[in-house]
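Participant:
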Amino acid sequence: MEFATVIFYLIAAVTIGSAAMVAFSRNIIYSAFSLLGTFAGVAAIYVFLGADFVAAVQVLIYVGGILVLILFAVMLTHRIADVQITNRAVGRIPALVVVGVFLSLLVQIIRETPWQKAKEIVYAPTTSRIGDLFLENYLLPFELASLVLLAALIGAAVLSRKELKE
Amino acid sequence: MVPLDYYLVLSAIIFVIGVTGVVIRRNIIVVLMSVELMLNAVNLTFIAFSRSLGSMDGQVIVFFVMTVAAAEAVVGLAIIISVFRHRQTLDPQEMQLLKW
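Here it is, written out as structure tokens:
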């Protein structure tokens, strides 16, 4: 087996293992921290695929932003000791059956479709081409994204403020 | 070199774990985390195809997905915290004020 394939399997194992911890762990703190492993593993796979800028942004936004936000929400909302009350799971067996069928369908589709063969990878920096695309073909969605972020900012501030007693 | 199939299967597995988390969990924060897992799986697919097809469009779309994911996390967690403040619960089954 090639060296690259071994590394790929290692990263994939870490990613899938921590993703499973997120979904199945009984303790919500463990779930939140396992999310770190998943995000880091996905970032590593981006590096593997030669997408350097996306990997950096993944670490910045997901690990630095969303994960910290989720941890804050966990700490703010509940008594961490009460695992039974706070993190129950219901209907495991039927859910696993349905989801298993779904996964086997997906894998079958992936196996049987004749995907276009991967080209030779040129490990060139991607940042400048992404920047060009943002300001040429994707200018309108780019501006709309900034609008979405502004709306989210205002919405979050309005939703989570303390209500004034009148 | 790792073929495209491997990346697609990996992201299918992560996506399915996310779906399972959304279906079986009774804590709305874990449901939100599982949604983030699914979004990550989709991003992985985009990047894999972007390399395989030799085009950068997939990478650009990943940024839009990340934008929406960040907005969703911010607003979702704000809603969760304000619901928790009013009702002292995180169980989505008990948030049924709008149920007919």
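Chains A and B supply the protein sequences, listed in that same order. Going letter by letter, the first sequence gives residues 188 to 353 in this note's numbering. Going letter by letter, the second sequence gives residues 105 to 204 in this note's numbering. All C-beta atoms in this analysis are idealised placements derived from N, C-alpha and C, irrespective of residue type, glycine included.
1) Run through chain A and tell me which residues come within less than 7 Å of L157 (chain B), C-beta to C-beta.
2) Exposed or buried, what is R298 (chain A) when buried is set at 16 or more other beta-carbons lying within 10 Å of its beta-carbon?
3) Cβ atoms of I203 (chain A) and I165 (chain B): under 8 Å apart, would you say?
4) Does DSSP classify N144 (chain B) as helix, strand or coil?
5) Determine the direct distance from the alpha carbon of A230 (chain A) to that of I121 (chain B), and round the result to whole angstroms.
6) Q197 (chain B) and R130 (chain B) look like a contact to me (Cβ under 8 Å); what is the Cβ gap, rounded to whole Å?
7) Does any C-beta atom of chain A lie closer than 8 Å to the C-beta of Q200 (chain B)?
8) Since V179 (chain B) meets chain A, which of its residues come closer than 8 Å, beta carbon to beta carbon?
9) For S212 (chain A), which of helix, strand or coil comes out of DSSP?
10) Enumerate in chain order the residues of its own chain whose CB-to-CB distance from V345 (chain A) is below 8 Å, with the five nearest sequence positions on each side excluded.
11) Using a Cβ-Cβ distance under 8 Å, would M142 (chain B) count as near chain A?
12) Note down, in chain order, each residue of its chain lying with its Cβ closer than 7 Å to the Cβ of V201 (chain A), except the 5 sequence neighbours on either side.
13) Counting C-beta neighbours from all protein chains within 10 Å, is the total for T300 (chain A) 16 or more, i.e. buried, or is it exposed?
14) By Cβ distance, which residues of its chain are closer than 7 Å to V187 (chain B), with the 5 residues on each side in sequence left out?
15) Could you tell me if A341 (chain A) is buried or exposed, where buried requires 16 or more neighbouring beta carbons within 10 angstroms of its beta carbon?
16) Measuring CB atoms only, is the stretch 287–295 of chain A touching the stretch 239–259 of chain A, in the sense that at least three cross pairs come out at less than 8 Å?
17) Hey, is I317 (chain A)'s beta-carbon within less than 8 Å of any beta-carbon in chain B?
18) CB-CB under 7 Å to V261 (chain A), same chain, minus the five flanking residues each way: which ones, in chain order?
Facilitator: Checking against the coordinates, here is how it stands:
1) In the second sequence, residue 157 (chain B) corresponds to position 53, counting from 1. Q303, listed in chain order.
2) By 1-based counting over the first sequence, the position of residue 298 (chain A) is 111. Looking at its Cβ environment, which holds fewer than 16 other Cβ atoms inside 10 Å, R298 (chain A) is exposed.
3) Taking the second sequence and counting its residues from 1, the one referred to as residue 165 (chain B) is at position 61. Taking the first sequence and counting its residues from 1, the one referred to as residue 203 (chain A) is at position 16. Cβ atoms of I165 (chain B) and I203 (chain A): not closer than 8 Å.
4) The residue you call residue 144 (chain B) lines up with position 40 of the second sequence. Residue state, collapsed to three classes: helix.
5) Translated into the one-based positions of the second sequence, residue 121 (chain B) becomes position 17. Translated into the one-based positions of the first sequence, residue 230 (chain A) becomes position 43. Answer to the nearest angstrom: the Cα atoms are 18 Å apart.
6) The sequence position of residue 197 (chain B) within the second sequence is 93, counting from 1. The sequence position of residue 130 (chain B) within the second sequence is 26, counting from 1. About 7 Å separates the two Cβ atoms, so the contact holds.
7) On the second sequence, residue 200 (chain B) is found 96 positions in, with the first residue counted as 1. So no, Q200 (chain B) is outside the interface.
8) Translated into positions along the second sequence, residue 179 (chain B) becomes position 75. Near V179 (chain B) (Cβ distances below 8 Å), the residues of chain A are A339, G342, A343, L346.
9) Start at 1 with the first residue of the first sequence, and residue 212 (chain A) comes out as number 25. S212 (chain A): coil per DSSP, three-state reduction.
10) Your numbering for residue 345 (chain A) matches position 158 in the first sequence. None.
11) Reading the second sequence from its first residue, position 38 is the one you call residue 142 (chain B). Closer than 8 Å: no.
12) The count along the first sequence starts at 1 and reaches residue 201 (chain A) at position 14. Once the five neighbours on either side are set aside, the close Cβ partners of V201 (chain A) are G224, G228.
13) In the first sequence, residue 300 (chain A) corresponds to position 113, counting from 1. Answer is exposed; the Cβ neighbour count stays below 16.
14) Your numbering for residue 187 (chain B) matches position 83 in the second sequence. Answer for V187 (chain B): M199, listed in chain order.
15) Locating residue 341 (chain A) in the first sequence gives position 154, counting from the first residue. It is Ile, not Ala, that sits at residue 341 (chain A) in the sequence shown. Flag for I341 (chain A) reads exposed.
16) no
17) Here residue 317 (chain A) is taken as the residue at index 130 of the first sequence, counted from 1. Yes, contact with chain B.
18) One-based indexing of the first sequence puts residue 261 (chain A) at position 74. Excluding residues within five positions, the ones whose Cβ falls inside 7 Å are I215, I216, A219.
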